[in-house]
Every structure is written in structure tokens, then in C-alpha cells.
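Novice:
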Amino acid sequence: AQTVTQSQPEMSVQEAETVTLSCTYDTSESDYYLFWYKQPPSRQMILVIRQEAYKQQNATENRFSVNFQKAAKSFSLKISDSQLGDAAMYFCASSGGGTSYGKLTFGQGTILTVHP
Amino acid sequence: AAGVIQSPRHLIKEKRETATLKCYPIPRHDTVYWYQQGPGQDPQFLISFYEKMQSDKGSIPDRFSAQQFSDYHSELNMSSLELGDSALYFCASSLGLHPLASTDTQYFGPGTRLTVL
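So the protein sequences, as listed, match chains A and B. Under the numbering used here, the first residue of the first sequence carries the number 18, and numbering increases by one thereafter. Under the numbering used here, the first residue of the second sequence carries the number 21, and numbering increases by one thereafter.
(1) Could you list which residues in chain B have their beta carbon closer than 8 Å to that of Q61(A), in chain order?
(2) Of all the residues that make up the stretch 95 to 108 of chain A, which are near chain B by a beta-carbon distance shorter than 8 Å?
(3) So, helix, strand or coil for G113(A), using DSSP?
(4) Could you list which residues in chain A have their beta carbon closer than 9 Å to that of Y92(B), in chain order?
(5) Keeping to the same chain, check which residues put their C-beta closer than 6 Å to that of T122(A); ignore five residues upstream and five downstream.
(6) Under 7 Å, do V131(A) and L94(A) count as touching if we go by C-beta distance?
(7) Please decide whether K120(A) counts as near chain B, where near means a Cβ-Cβ distance under 7 Å.
(8) In whole angstroms, what separates the C-alpha of Y70(B) from that of V52(B)?
(9) On the three-state DSSP scale, how would you describe D50(B)?
(10) Pick helix, strand or coil for L108(B), following the three-state DSSP scheme.
(11) So if I threshold CB-CB distances at 8 Å, which residues from the stretch 35 to 56 of chain A count as touching chain B?
(12) Please confirm if D76(B) has its CB atom under 7 Å from at least one CB of chain A.
(13) Could you list which residues in chain B have their beta carbon closer than 9 Å to that of Q125(A), in chain order?
(14) Comparing C-alpha positions only, which one of Q61(B), T38(B), V24(B), K72(B) sits nearest to E102(B)?
(15) Please return the same chain residues whose Cβ sits closer than 7 Å to the Cβ of T125(B), not counting the five positions on each side in sequence.
(16) Alpha carbon to alpha carbon, what distance is there between Q56(B) and L31(B)?
(17) Is the Cβ of F84(B) closer than 7 Å to any Cβ of chain A?
(18) Under a three-way DSSP split, which group does D103(A) fall into?
(19) By the three-class DSSP mapping on this structure, what secondary structure does Q56(B) have?
Here it is, written out as C-alpha cells:
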């Protein structure tokens, strides 16, 4: 079984500044994937970034990057040069290998507010 | 690029009625997942299909059933609806279940908002 924990129910950041959202996970799988999804007020689930556990290099997508600490089972999301459009609920999620491959387990979510 | 299509987008039903939610995956995607997101909650996995066969099952009530058809679209059937079934239902699709596939990312549809009165 997999568990994902987001300990920050809410975070805020000033426009153009940097913010980091925290996520920890637990899994018994040796092969797994980690994701950050964004859910704006429209409730659409939008993929932000993904990380394969077997890759040591941290994933980066434009202003979004992760800090993947495998031993600590930590997977934080850094948003640089924050924009008003980044305001949303952010979910950390994991999927594992074996018979549970593909099923996403989500954290509780972090509401991000961006101040102009 | 084509995305996951869900219909209807909104659905209002009475208690004890039946509802059918439809999902059309991204072209060439052969795997479909269903999730339920209650108010203020994170999405919870219900069931998934790969190549028209059920591949995994989560906390799906016995009143719910689902299947994937030959054209890879999927339907979630919900009977004897209860007030607690009111939620946003997401369908997501991905390409393949191979453990080392690089295209296993799930892409979500816009969701169907079900309200049970």
C-alpha cells in the first residue's frame, strides 16, 4: 500500500517569488512514479511534473522543479517566479509497480494563494 | 491535442436512481481509470481497465459497476444512488501498463459533477 502526505494545507507566495510545497510518501514498491497535479477552481486535474523513482536527476518543467530525496521519501515542488495563474490546489501523488501499477494515491492537497 | 472526454459534465439525480457516466480516452490510450473526489477531498481511486479487462479495483461500492468497450471508452454505472455519492467523478487515461513504460502518465478528463438530491 502507498501513502502520500502533504503537511501544508495552505501556502501563500508573492507574485514573482519562489515557493516550495512539501510532500512525503511511503511505499513498499521498488519501482514507482511521483507526480504533482494542479487543480484550479475549474476543478480540472492538470499534470505539473512527474518523477521516475529510478532516476536520480530531479525533474524540471519550466518554472516547476522537484527535489526528490529517495532515502527520505520526500518529493517537494518548487515554483519559481510565481504567477497569479499558479493559484490552485496542488496534489502530490504516487503510483507503484506490480499489480497496483498505475493507480494513483493522492495526498490531501495544498492550497496555494498567489498575492499580486 | 485531443484530451479525455467525459459526459455528461453535470448530472442531477434523485436518491435510489441510476446514473451512467461515460469516458472517452485520449486516442491510442488503452488504459482507463476512474476516481471519485468528494467535496474538499483528494481523489480516490475506484477502478481501472487495461485492454478492456479490469486491472485494479479500489474502494468502489458494490452498487457501482464499470466496463471498458472495444473502442476503449468506458462507462461507470451507479445504481441505488445515495446522498453520499454526490462528488466529482474523474476519468483518466494512459498508454499501457508496462512497468517501464515512459508514457504511463495519467491524463485527466474535466470530470462529471454528480449531485444526488
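Every residue, glycine too, gets a C-beta built ideally from N, C-alpha and C. Keep in mind the model is a prediction, meaning the values are calculated, not measured.
Specialist: Answer, in terms of the structure:
(1) Those within 8 Å of Q61(A) in chain B are F128, P130, G131.
(2) Those would be F108, in chain order.
(3) The DSSP-derived three-state label of G113(A) is strand.
(4) For a Cβ distance threshold of 9 Å, nothing in chain A lies close to Y92(B): the least Cβ distance comes to about 15 Å.
(5) Excluding sequence positions up to five before and after T122(A), its CB lies within less than 6 Å of the CB of Q19, V21, S111, all in the same chain and listed in chain order.
(6) Taking 7 Å as the Cβ cut-off, V131(A) and L94(A) do not qualify as a contacting pair.
(7) Interface annotation, K120(A): in contact with chain B, CB-CB separation under 7 Å.
(8) One C-alpha to the other measures close to 7 Å.
(9) Three-state result, D50(B): coil.
(10) Reduced to three states, the DSSP call for L108(B) is strand.
(11) Cβ contacts with chain B: D48, Y50, F52, Y54.
(12) The C-beta of D76(B) comes closer than 7 Å to at least one C-beta of chain A.
(13) Simply Q61, D62.
(14) The candidate whose alpha carbon is nearest that of E102(B) is T38(B).
(15) Cβ neighbours of T125(B) within its own chain (closer than 7 Å, five residues either side excluded): S114.
(16) L31(B) and Q56(B): Cα-Cα distance of roughly 14 Å.
(17) Cβ-Cβ to chain A under 7 Å: no for F84(B).
(18) Looking at D103(A) - three-state DSSP - the assignment turns out to be helix.
(19) When DSSP states are grouped into helix, strand and coil, Q56(B) belongs to the strand group.
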